[in-house]
Each structure stands twice: as C-alpha cells, then as structure tokens.
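>
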Amino acid sequence: MKVKILGKKTDICVECHECERACSTVFFKTESLERARLRITAGQPSGRKITTCTQCGKCINICPTQAISRNKAGIVAIDKSKCVGCLSCVGFCPEEAMFQYKDDTIPFKCISCGQCVKKCKAGAIFLTESEIEA
Amino acid sequence: MNFTENIKTEECNSMEKKHSIQEMKKAHKILKEFTYSPKKVNRGYCGETLYVNLSTGEIKIKTVTDQMKDIFVGGRGFGLWYLWNAVSEKTKWDDAENEIIISPGPISGITQYPGSGKSLVVSLSPLTGSAMDSNVGGYFGPYMKFSGFDAIELQGKSDKDVVLFIDGDNGKITLEEAPLEDVNSHIICEQLTEMYATSDEDRLHVATVASGSAAEHTLIGHLNFSFYDKRRKCTRLKQAGRGGIGSVFRNKKLKGLVVRTTNIKGTSNNPADQELLNKTGIKLHKEIRKNDDKQCHMRTQGTAHLVEIMSDYDLLPVHNFKFGSHPDAKKMASWVWEKRFTQGIPDGCWFGCTMACAKAVDHYELRTGPYKGHKVIIDGPEYETVAGVGSCCGIFDPDAVLEINFYCDTYGVDTISFGTLTAFAMECFENKIITEKETGGLKLNFGNHDAALELLHRMARGEGFGKIAGMGVRKMKQYFAEHFGADPKFLRDIGMECKGLEYSQYVSKESLAQQGGYALTNKGPQHDEAWLIFMDMVNNHIPTFENKAEALHYFPLFRTWFGLNGLCKLPWNDVEPENNPKSSEPAKVPEHVENYVNLFNGVTGKAIDKNELIRMSERVYNFQRVFNLRMGFGTREHDIPPYRSVGPVTIEEYESRKERYDKYLKEKAGINPEGLKTEEKHKKLREFREKQYQLLVDAVYKRRGWDENGIPKLETLKELGIDFPQLVETVNKKRAK
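The structure is reproduced here in structure tokens:
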C-alpha cells in the first residue's frame, strides 16, 4: 500500500531545529527538541542526520501487547492504553525513530502529520509517499 | 512460518470439553473469602506478603520487615526465610507444615530490561529433603506484586482439590473447591484463564500456576506458570522445573493459583529512578538487536542453539552422560529447531524481554497418550530438554523430543529430571540390572523413544515402573539394590544425581571446576549456579585450585543474585557488548554487571556497587547452606559427585576417549600410560581425579569461609550479619557432631 511518510534531504537542512520545536509543541505543548518525533542531529556537513520514521512497521511485531498497529491510512501508531512501557520498540527500530523521553515509559513516533514540514524553510523535510508491504 | 497477524491456533479449541467453563465455575464452592486493600508497590516492594493455610483456610497478611529486605532482598531470599520459619529439622516434604513460597523480588515486574519478570519458588523438596529453589518466568509473580504482595506462602494441605484466586483489582482472595477442572496444565491454565477473565481482551490480565497428573504420582513434579500470548490467543507455559515442587503442590491438593490485575504499566514497580531503568533497558534492547544474530541467536533458536556447540565440545550428554557427543546430534541441531519454531513473534515470558527465547512449535499433532490426535503448542524445547530427553537417552528424533517435552510439561514433570532418570534406567536396562519383567514390558534401550514416552504416560497414570522411576535417581538406586540385587557401587557411579537432584545436561568430566560447579551447589546439580566449562576447559583461564575456587565463589553468588531480584540469567551473558572481549574480565561481562547495579539502585533507590551485589548473595547463600545443615545435609559428604560426572566409569568410556585420557595421565597425573592395561590406567585415572576433586573442595571451602567439613565458620556468619541465634545453634550443633 501507498503510505504517507516524511521525506528528507539531509544536505540542504540548515539545522534550525524549527521542525522539532513545531512537533513537540503540537504533541507535548512544549518546545523541547527531545520530545520531537523526528530528530535533527547537527554536524554539518557530513555528520548531519535527520532521523524520521519510514512507517516500515517493524515495531508492530516487536510489541508484546499489540499496542502498535498500522491504521487505515497505513500510518504506524501507538495505542497508549495498551502500552506497558517496555521500550522494546525504541531499541528495535531500525531507524532509531521511535523516541522516549526521560522517565516517561510511553514511547512516541512520527505519524506523518506534516506540521514540521510547514516550518521547514529549507525544504529539507517534506511529505511523500512510499510503497509499503502491509 | 511467520506470523504477522493475530492467529487463533486450533490447539486452544482442541481440548476435550468435558465441562463448559460455566459448569466448572458453578461447581466451585467458596471455602474462604478474604478482602484486603492492595498496597501500591513502592520502589519494588509492596511491603506485605500473603499467607494461606490450606488445612484451616486461614488467610492473612504479613508485613515485610526491613530486616527481610536488608538480609534476604526478595525472591529466593524471602522464600528461604519463610520456609525456615515454617518448618523444623524434622519436616518432610509432604508434611502439612511444608510451604510453597512464590516471590518475584524487587526488580521483577519492570518491563524495560529484558528478563525482568521472574518468580522464585521455594519449598522442601521431595527429591533432596531440603530447601529447593526454582526460577520461573510467566506473569504470576509480577501480577501478584501488582496485586499487593511481595510473596505468597502456601502452607497446610487441603482435603479437596482447590483453586486460589487473587483479585488484585478488587482486593479479594477466594479459596475455592474446584472439582471439575482438568489437572493437566495445558488444559487447566486455559480453563482458569477463561474463567477469571472478564472478556477475551482481559485474558492478558490473568496469570495462573498449575501442575499435572504425573506430579501426583512422582517426586519430580514441576509447576507451570502461564503467560497469555496475544498473538496465538492461548496461554503459554513456563516451568519452575527443579526439585519436585509440583509434587508438593499436588500433595497439597492445589489445582491452580490465579491472579488477575489490570495494573500493568511500565511504572507499576514505582521505581526510585525510572529514567535510569529506561536508559539501561533501551541500551540492552539495542545490543540484542545488533548482536543476537551474530552471537547466540536466542531470538530465533532460544537456548536450543547450544545443541551442536555442546556436541562439538564433547559436552552434550549422550547415553546417560557416558559420552559427550554423537554424530546424530545434528538431527537436533539449532537449525532444525529454528525451522520448527514459529518465527516473528515477541516470545518473551515477560513484557519487554527482547531476548525472546520462549520459543514455541505450533500445530504439533500428538501421536500418543490421552491427547493423541490433538494439535498443540509446545513451549520449547529448550537446550536442557533436547539434551535431557533426547541425547542423554540416546534419542535423536526431534518429533520424539517434542512429544516428550509436551507431555512432561502438561503432566507437570521436570524435563531435566525426567531425562536424567530415564537415561539412568536405560543404562540399567542395557546392563540387565532391570529387565522387561521389572519395567512392566518397557524395553528401555537407549534410543527407544516409544518406551520413554510410555514410561511418562505411566507416571501420569501412577502405574508400575512409572511410579518407581518417578521417585528419581537416588531412590531408584536404593530400590534397585534392595529389590533387584543390583550392585550399589555401580549404581552410585552411574546415577547422575547429587543431594538427590538429577544432574542438568552438561558433561563435566573434563572440567574440574564444573564438577564443583555442580556438586558444590546448595540445592543440587543445576547449572544456574555455575557454568564454568569454557573458562576452565576450553580457555584455561582458571588453571590453579585457587583460581577455580575464586570462580566457584564469585559465579554462584553472582547468579544467586538473579534469584533474589526476580531476574533471568540469560540477558547477562547470552548477549554481550561488542567490546566485551576487550573488557577487564570478559567472563563476568562487566558492562552488564553495571547494568544490574543500575537496575537495583534504579528500582530501590539504594546505592549498591558490584561488590555489595555479591555480598547480598553471600548472605542468602550461606543462609541456605545452614538450612541444609539444619535438615541433616550440607556437609562434605553431600558435596561429592557421582564418578560419572568426574571421569569414565566403564572401560568402554575410557576406550572411547583413550587418547585424551592417556594424555591426561601423562601430563596432569605424571603417570606414563605406556605398557599399562586399560584397566590399570582406568583405575589410576580415577584415583587421581577423585583426589583432585577433594583438593578442589578444600580450596572452595576455604574461599567461602567454611570449615573443612563444609560448615560455615562462625566468623563468616558474623561478618555477613547473619549470626542469628538459630543459625549459630545449628552450626554449633553440627560441628559438635
């Protein structure tokens, strides 16, 4: 199926971190880079990294309580009420795009909402579609 | 096979439906009801434990004292302490005052670090007559803690079959007469889960404990602890295998224990420093993701990955531990099991265990016994089972191993003891010590898996030779000598038991340290105390007696610590950091030791270091040694292994490894084998090895602070802060003898 994912062009990112601020504001009502569902690792030019979820769904099979599933649109999402906070998904995400904040045991991830894209003046992140086996 | 979606396996439906769940529930008679206010867990402890007397119906709550936490920590420590207070030196396993204690330990129940949901079960063992401890997964222990209890003590004996239900959400405990449920675990655990869950979705919140019909007729009964597998939509089983505690359970007429709680969160253990636990857990999850495929393959093969490694190193027990390898071992090698195990399921026996070694074979169609034709899930096999009921009995057929594995589990008998005692009976049969006349027609030749299975079914039915074999190797030896005129000395040499417990499945002949690792244990020869074979035999890292004694001090204590806290040993060294070989002491896996220090401090808010970690165990370990003394054991004579674990008992064994033994005689014993007959070499080798073992015992006792008879010195008890009057009295009395 075709799934909306966050695309990236790492080389044109200006490391302003506006995307992370926008993301954490939407989901956690705070401007905290550590609470964003994507991560810009500074280190231009060669060390720079943009960590985003590819919606591959590997975390679905890792979760012992089936708290993670793919919704109708193909987006991988966490049902917090079912999560027992084991953080297996955080350790097993091949992109390391499943995040977790300090003493909070409920992980969080990108759901391709696009709020960060609106803030990216460089055009380094954008919404695109990817073919995913579901 | 790869499951990515929910599956409803037919085995859940294929059970015989003699009675509906409603009928079974209706037949329950409430014998006792008890209400309580569940204490919230604080820093790993609820501060309360549950006591149930099955004779009188008394149910009460006890307070966990600071002394209990400081000295005994939890888990196995709490179990031993309660058992000590419950029994006298005269108590036998089937006396009413014997208890079964289940305690998860302070770390148990965290979900972030793999292997953190274990329960420890303690009781007086029908096999050894002394304190037994067994470490088991499944959800019961953590759920019991989240329902308000750091331990449960089950004392007394019911006259009717009963189920005990702990309703953690509503603070209610009921003791219920339960006449209609099945006894065998793969059925009763399903039945109880369905009965006490409020909906299909709620089954995840129910955990059960049960045993089986063979536990009623043998002394090798085990307990099954369930965990609900959401993908398979079935209860899965993990075993508290060692020492016959399932036999105690059925002797008390317990049919099942059930706990239900919806209080299952990543923070339910209410730790002092959740962030530290998160960080430590994620680090290990990542390590497993990156390294497991390159290291132990636990996620795809479970512990069965060891089969060919053990055979290659001549450590896989074959024909009752006569030999250490067999060309047919490859028929049961890791790649065979990998194909049989359903892949792609998070097979952890507690949430968050990404080692995921609780593998299972789905859709197995049984070909024998009362469930013939049923399609079932088989939990395992683990390495110990493959080696025990497989190669040790000369059985190399994976289907036979699976079938025996399944029936051992559901009948409630320990696969390790069953394997070792069947192999012993087979060797006796091959030597004509017993014949078909004594076995009731069973041709117990090595490799006869049909006979092994029939023996198991007879144990479940309580019939003939099934009952005799089910007494375990030690009692079989006595029985064969008394009734069949067998030579007691030969039986002593080949009977793979020490302290009354059957050996677990490693050949220790070429590792002096492991001979001690087995026979110098508190509970009997079980590898969960020490596994030193590679350090000793392969890598030669502990060449001197002092080196070996140090290893036999450190490793049993380090591993004891898992049992105090409710942890699994496997994530300690079945995955290792990539740079571990370059660390200061690779065998200890220093980075993981640091993880455990962090887990303990993170949960309890205390500030231990790696040295205090060992001290914690040393207190409980010495306490358990004194417990053995109190029960009439625990001295040097009880620490002597059968010669089969030390060297070749028979000429056949010597000849099979002639080159090795000749070389050993020359290089280690300083005896020139040239010109000597095999019989002479065999005798000299035995004399030398038995002497070496005694020298090892001297060195280990010295290192452990025990006297030459293996009794802890008073200054050792004092220094550890466990010089309680009762302990001092026990030690003094024993020493005076």
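Heads up: the sequence lines are chains V and U, in that order. With the working numbering, the residue at position 1 of the first sequence is 1, and numbering never jumps. With the working numbering, the residue at position 674 of the second sequence is 674, and numbering never jumps. No residue lacks a Cβ here, since even glycine has one placed at the ideal position from N, Cα and C. All values reported here derive from a predicted model rather than from experimental measurement.
With distance defined between alpha-carbon atoms, name the residue in U:Ile378, U:Ser391, U:Met132 nearest to Tyr407 (chain U).
Of U:Ile378, U:Ser391, U:Met132, the residue nearest in Cα terms is U:Ile378.
> With a threshold of 16 other CB atoms inside 10 Å of the CB of Asn269 (chain U), please say whether the residue is buried or exposed.
Asn269 (chain U) comes out buried.
> Assign Phe446 (chain U) to one of two classes, buried (16 or more other C-beta atoms within 10 Å of its C-beta) or exposed (fewer than that).
Result: buried.
> Taking Thr105 (chain V) as the reference, which of U:Thr415, U:Tyr479, U:Gln112 has the closest Cα?
Closest option to Thr105 (chain V), Cα to Cα, is U:Gln112.
> Is DSSP giving Asp229 (chain U) helix, strand or coil here?
Strand, per DSSP.
> Using Cβ-Cβ distances below 8 Å, what residues of the segment 107-119 of chain U are close to chain V?
Listed by position, the residues of the segment 107-119 of chain U near chain V (Cβ gap below 8 Å) are Thr111, Gln112.
> With C-beta atoms as the reference, is Leu257 (chain U) less than 8 Å away from Val318 (chain U)?
No, Cβ-Cβ distance for Leu257 (chain U) and Val318 (chain U) is not below 8 Å.
> How about Ile71 (chain U) and Ile640 (chain U): are their beta carbons less than 8 Å apart?
Not closer than 8 Å, so no.
> Taking 8 Å as the limit between beta carbons, can you name the residues of its chain near Lys160 (chain U), skipping five residues before and five after?
Cβ neighbours of Lys160 (chain U) beyond the five flanking positions: Glu177, Pro179, Lys253.
> Please confirm whether Thr354 (chain U) has its beta-carbon closer than 8 Å to some beta-carbon of chain V.
Closer than 8 Å to some Cβ of chain V, the Cβ of Thr354 (chain U) qualifies, so yes.
> Check the Cβ of Cys63 (chain V) against every Cβ in chain U and list those closer than 8 Å, keeping chain order.
By Cβ distance, chain U contributes Pro346.
> On the criterion of 16 or more Cβ atoms from any shown chain inside 10 Å, does Val361 (chain U) qualify as buried, or is it exposed?
With 16 or more Cβ atoms within 10 Å of its Cβ, Val361 (chain U) is classed as buried.
> Inspect the beta-carbon positions of Gly394 (chain U) and Val259 (chain U) and report whether they are closer than 8 Å.
Not in contact: Gly394 (chain U) and Val259 (chain U) (Cβ atoms no closer than 8 Å).
> Can the beta-carbon of Arg619 (chain U) be found closer than 8 Å to that of Leu532 (chain U)?
No.
> Could you tell me whether the Cβ of Phe341 (chain U) comes closer than 8 Å to any Cβ of chain V?
No, Phe341 (chain U) lies away from the interface with chain V (no Cβ there is under 8 Å from its Cβ).
> Tyr554 (chain U) lies in the beta strand (DSSP E); which residues open and close that run?
Element bounds for Tyr554 (chain U): not the beta strand (DSSP E) but the alpha helix (DSSP H), 545-565.
> For Glu99 (chain U), does the count of other Cβ atoms within 10 angstroms reach 16, so buried, or fall short, so exposed?
It is buried - the Cβ of Glu99 (chain U) has at least 16 other Cβ atoms within 10 Å.
> Going along the segment 85-96 of chain V in order, which residues come within less than 7 Å of chain U, judged by CB to CB distance?
Under the 7 Å Cβ criterion, the segment 85-96 of chain V contributes Gly85, Cys86, Leu87, Ser88, Val90, Gly91, Phe92.
> DSSP three-state call for Asn601 (chain U): helix, strand or coil?
The answer is helix: DSSP assigns Asn601 (chain U) an H, G or I state.
> For chain V, find out if any of its Cβ atoms is closer than 8 Å to the Cβ of Thr262 (chain U); answer yes or no.
Output row for Thr262 (chain U): interface = no.
> What residue range does the alpha helix (DSSP H) around Gln478 (chain U) cover?
Per DSSP, Gln478 (chain U) belongs to the alpha helix (DSSP H) from 473-484.
> If you count every other CB in all the chains shown that lies within 10 Å of the CB of Gly243 (chain U), and 16 or more means buried, which is it?
Buried.
> Give me the residue from U:Ile188, U:Ile404, U:Lys69, U:Asn573 with the minimum Cα distance to Asn224 (chain U).
Looking at the Cα atoms, U:Ile188 is the closest of the given residues.
> Can you have a look at Gly43 (chain V) and say buried or exposed, based on whether 16 or more other CB atoms are within 10 angstroms of its CB?
Result: exposed.
> DSSP state of Gly243 (chain U), grouped into three classes?
It is helical.
> Of all the CB atoms in chain U, is at least one closer than 8 Å to the CB of Lys102 (chain V)?
With 8 Å as the cut-off, Lys102 (chain V) counts as an interface residue toward chain U.
> So what does DSSP say about Tyr664 (chain U), is it helix, strand or coil?
Helix, per DSSP.
> Along chain U, in chain order, which residues have C-beta atoms closer than 8 Å to that of Thr105 (chain V)?
Here the neighbours are Thr111, Gln112, Lys265, Gly266, Thr267, Gln274, Asn278.
> How many whole angstroms separate the CB atoms of Val183 (chain U) and Ser213 (chain U), which I take to be in contact at a CB cut-off of 8 Å?
Confirmed, about 5 Å.
> Could you tell me if Val26 (chain V) is buried or exposed, where buried requires 16 or more neighbouring beta carbons within 10 angstroms of its beta carbon?
Its Cβ having fewer than 16 others within 10 Å, Val26 (chain V) is exposed.
> For Ala151 (chain U) versus Ile102 (chain U), is the C-beta distance shorter than 8 Å?
Yes.
> Since Gln66 (chain V) meets chain U, which of its residues come closer than 7 Å, beta carbon to beta carbon?
Lys230, listed in chain order.
> Based on Cα-Cα distance, which residue from U:Val389, U:Gly632, U:Ala587 lies nearest to Trp572 (chain U)?
The residue with the shortest Cα to Cα distance from Trp572 (chain U) is U:Ala587.
> Who are the Cβ neighbours of Val575 (chain U) in its own chain at under 8 Å, not counting the five residues just before and after it?
Result list for Val575 (chain U): Leu284, Glu287, Ile288, Asn291, Asp292, Gln295, Cys296, Met298, Met355, in chain order.
> Cα-Cα, which of U:Leu570, U:Pro590, U:Leu567, U:Phe484 is closest to Pro577 (chain U)?
Ranking U:Leu570, U:Pro590, U:Leu567, U:Phe484 by Cα distance to Pro577 (chain U) puts U:Pro590 first.
> Do you know offhand how far Val3 (chain V)'s Cα is from Val336 (chain U)'s?
Those two C-alpha atoms are separated by around 38 Å.
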